[in-house]
Every structure is written in C-alpha cells, then in structure tokens.
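Okay, structure first, notes after.
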Amino acid sequence: MTIDSVHAGAAGTWQLGDLTVNRMGLGAMRLTANADGSPSDRDRAVAVLRRAVELGVNHIDTAAFYFSPLRSANELISRALWPYPEDLVIVTKVGPGKDPSGQWLPAARPDQLRGQVEENLRQLGRDHLDVVNLRVHGPEPLSEHFGALAELRDAGLIRHLGVSAVRPHQVAEARAIAPVVCVQNSYGLGYRRQHDELIRDCAAHGTAFVPFFSLVTSGREAGATGEEHTEVHAVAREHGVTAAQVRLAWTLARGPNVLAIPGTGDPAHLEQNVAAAGLRLSPADLARLDGV
32 MTIDSVHAGA AGTWQLGDLT VNRMGLGAMR LTANADGSPS DRDRAVAVLR
82 RAVELGVNHI DTAAFYFSPL RSANELISRA LWPYPEDLVI VTKVGPGKDP
132 SGQWLPAARP DQLRGQVEEN LRQLGRDHLD VVNLRVHGPE PLSEHFGALA
182 ELRDAGLIRH LGVSAVRPHQ VAEARAIAPV VCVQNSYGLG YRRQHDELIR
232 DCAAHGTAFV PFFSLVTSGR EAGATGEEHT EVHAVAREHG VTAAQVRLAW
282 TLARGPNVLA IPGTGDPAHL EQNVAAAGLR LSPADLARLD GV
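Take 32 as the starting number for the sequence shown in the working numbering and just add one per residue.
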C-alpha cells in the first residue's frame, strides 16, 4: 500500500437506508482535544476533516456532546466542510448530554430528545440530520425514547435512525418501532467478541454494524498507553503496516455490513487509517488473529 493510492472506498460501500457510505469513515471525537486533554489545534482539526473528504471519507460520526473547553466537533465539521459535499453522511447521537463545563448530565428523557436533535441541527447548520443514533445505557426498554425519535423522523428533522451501546433485545425492540439502519457498539479485535452474533443478525436485516473502540489495546483505545498483542505486531510486520491498520482491516473483515469510524486529530494517522481500507488480510492472518 502507498499513500498515493489511499481511498476510503477501497473496502467497498454499505447502505444506511437510502444513503451510500464508504465502509471506512471518521469519528469526530478526537478532533476536539489532545491526548493530554488540552484543546486541539483548530486549523489542524479542520485540515484533518478536509483531508478525510479528499481521501473519500463520506461518513463522519459526531455528537453535540463531543466538545472540549475550546472546541466543538460539530462546529469544526461545519467550519471545515460547509457547504457539505452531496454524498457526505453525518451521523450523530443523542441521549447523553453535558453542561457547558463538560460535566455529564442525567440521560435525556424522551421529551428532551427534540432539544438535543435541534442542538445538533444548529451546530451543523442543517435543516435535517442524516442519521441519529439513540445512545442508551443499561438493559431497560428504549421504546419511549426511540419512539420520540421516530416522531422527529416523521416530522422531517431526521432521515434515518440507529441505536448505540445496546443489547440485542433492544435492537429488536427498536426495529418494532421504526427501521434501524445502524447499530453502534464497542467492539474490536480481542474486545467484546460477544457481539459477533449481533453482527450476523444486523447483516441478516441489512443493518450496518459500526464499532467504536475498534483500536482498543490492553483495555484502552489506541493512542493511549497500552501493550499491543504480539500476534498483531507479527501480522503487521509481514504486511509492512502498523498494528492499528491491522486492527482496522480485521474489523472490516468481520462482514460487509461492518463500518469503521476510527478517530484522530493527526493528519498522518488519518492517512494510515484510511489506507487500512485497502489492506486485505488472508484467511491465515485472520485465523492467527482470532487467538488475540
């Protein structure tokens, strides 16, 4: 692989409802702050977003609660990419919220979700949101919350709906209310493999599975201190790539409905992540990695 040939479409595409996205996307959370918690460089974050689009990324995952003391992910997206490319799909999530100081608020009630949706609309400069994920916590029924979002979809504020941080029974519960175009759960190589069956269930329903924390190492996300597994290093050396690229390629190999949304505020890491869309692991590689 060479940087000159990098393109997010190298791993193919998937449908989020009637919206076509390249399977390699971008998560916006890391644009707002550096690893030490200090505010990110605004111009660098804007450059990462613009470069991502140049490399074929047309699926960006964000949220109004992705902000640091001086940076907002939604504001950065709007500044960098407005007017938005016609094929760009911006996916956001509601449910959690933070106060202006960055402290977490209690999870939103169903009647508060419209305010969160409108907050995303204002920040992104949109009159509708492409996809909104309901982020839930715990196994409790989600019908009231998801039903409230379905009403906002019927009102034209949202185009498609998804769910995040859910149990399989909650996915079925949501499907009984409105179409679910994506399921976003934490998942990665050696991390929460109990979701394998959920991935297959999503594929059977034409639903995207969008893992976050797909670069997790030793219980941490890549970029933080954590020891990488020796088998991941070995496969990376054989392909002449990084361990993070192997993890992303493994993620995409889990099924054609699996999308990747690695986040970064570093232009070099962005190009490496997107390049992983073109990395093909052999059956032997995948068998070795299954032991991680």
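C-beta atoms are modelled at their ideal positions from N, C-alpha and C, and glycine is treated no differently.
Where does residue 190 fall in DSSP's three states?
Counting from 1 along the sequence shown, the entry for residue 190 is found at position 159. Of the three classes helix, strand and coil, the one that applies to residue 190 here is strand, per DSSP.
Residues in the same chain with beta-carbon distance under 7 Å from residue 284, minus the five sequence neighbours each way, listed in chain order, please.
By 1-based counting over the sequence shown, the position of residue 284 is 253. 312 and 317, listed in sequence order.
Between the C-alpha atoms of residue 83 and residue 302, what's the straight-line distance to the nearest angstrom?
Walking along the sequence shown from the start, residue 83 turns up at place 52. Walking along the sequence shown from the start, residue 302 turns up at place 271. Each residue's alpha carbon lies about 8 Å from the other.
Could you check whether residue 194 and residue 164 sit closer than 8 Å to each other, using their CB atoms as the reference points?
Mapped onto the sequence shown, residue 164 falls at position 133. Mapped onto the sequence shown, residue 194 falls at position 163. The answer is yes: Cβ separation under 8 Å.
So does the stretch 165 to 174 actually touch the stretch 184 to 198, counting three or more Cβ pairs closer than 8 Å?
yes
Roughly how many angstroms separate the alpha carbons of residue 319 and residue 222, rounded to a whole number?
The residue labelled residue 319 in the question sits at position 288 within the sequence shown. The residue labelled residue 222 in the question sits at position 191 within the sequence shown. About 16 Å.
Identify which residue in 289, 110 and 224 has its Cα closest to the Cα of residue 215.
The residue you call residue 215 lines up with position 184 of the sequence shown. When only C-alpha atoms are compared, the closest one is 289.
Less than 7 Å between C-beta atoms, sequence neighbours within five positions excluded: which residues of the same chain meet that for residue 238?
Position 207 of the sequence shown, counted from the start, is the residue given in the question as residue 238. Correct list, in chain order: 211, 212, 213, 214 and 288.
According to the neighbour-count rule (16 or more other Cβ atoms, all chains shown, within 10 Å of its Cβ), is residue 92 buried or exposed?
Along the sequence shown, one-based indexing puts residue 92 at 61. When all chains shown are included, residue 92 counts as buried.
Comparing the CB of residue 56 with every heavy atom of the ligand FAD, is any distance shorter than 7 Å?
Within the structure as shown, the ligand FAD is missing, as the structure has no ligands at all.
Closer than 7 Å by C-beta to residue 264: which residues in its own chain qualify, once you throw out the five before and the five after it? Chain order, please.
The residue given as residue 264 occupies position 233 in the sequence shown. Within the same chain, residue 264 has close Cβ partners 274.
Could you pull out every residue in the same chain whose Cβ sits closer than 8 Å to the Cβ of residue 156, ignoring the five residues on either side in sequence?
Position 125 of the sequence shown, counted from the start, is the residue given in the question as residue 156. Cβ within range, chain order: 109 and 113.
Suppose the cutoff is 8 Å on Cβ atoms and the five residues either side in sequence are ignored; what does the same chain contact list for residue 149 look like?
Stepping through the sequence shown from its first residue, residue 149 is reached at position 118. For residue 149, where only same-chain residues beyond five positions count, the Cβ hits under 8 Å are 188.
Who are the Cβ neighbours of residue 32 in its own chain at under 6 Å, not counting the five residues just before and after it?
As a position in the sequence shown, residue 32 is number 1, starting the count at 1. Reliability fails at residue 32, whose pLDDT of 49 lies under 50, so the model's placement of it is uncertain and the value that follows must be treated cautiously. Contacts found: 306 and 309.
Could you name the residues of the same chain whose beta carbon sits closer than 6 Å to that of residue 260, not counting the 5 residues immediately before and after it, in chain order?
Against the sequence shown, residue 260 aligns to sequence position 229. Once the five neighbours on either side are set aside, the close Cβ partners of residue 260 are 323.
Among 42, 52 and 44, whose alpha-carbon lies nearest the alpha-carbon of residue 118?
Here the question's residue 118 lines up with position 87 in the sequence shown. Selected option, being the one with the closest Cα: 52.
For residue 99, which residues of its own chain have a beta-carbon under 6 Å away from its beta-carbon, when the five flanking residues on both sides are left out?
By one-based count along the sequence shown, residue 99 stands at place 68. Counting only Cβ-Cβ distances below 6 Å, and skipping sequence neighbours, we find 63, 64 and 70.
On the three-state DSSP scale, how would you describe residue 177?
Sequence index remark: in the sequence shown, residue 177 carries index 146 (1-based). Residue 177 falls in the helix class under three-state DSSP.
If you draw a straight line from the C-alpha of residue 170 to the C-alpha of residue 183, how long is it?
As a working mapping, residue 170 is identified with position 139 in the sequence shown. As a working mapping, residue 183 is identified with position 152 in the sequence shown. The straight-line gap from Cα to Cα measures roughly 24 Å.
Closer than 7 Å by C-beta to residue 96: which residues in its own chain qualify, once you throw out the five before and the five after it? Chain order, please.
Walking along the sequence shown from the start, residue 96 turns up at place 65. These residues qualify, in order along the chain: 127, 128 and 129.
By a C-beta neighbour count over all protein chains shown, 10 Å radius and 16 as the cutoff for buried, is residue 245 buried or exposed?
The residue you call residue 245 lines up with position 214 of the sequence shown. Buried, since its Cβ has 16 or more Cβ neighbours within 10 Å.
Just the C-alpha distance for residue 123 and residue 94, rounded to the nearest angstrom, thanks.
Taking the sequence shown and counting its residues from 1, the one referred to as residue 123 is at position 92. Taking the sequence shown and counting its residues from 1, the one referred to as residue 94 is at position 63. Roughly 5 Å between the two C-alpha positions.
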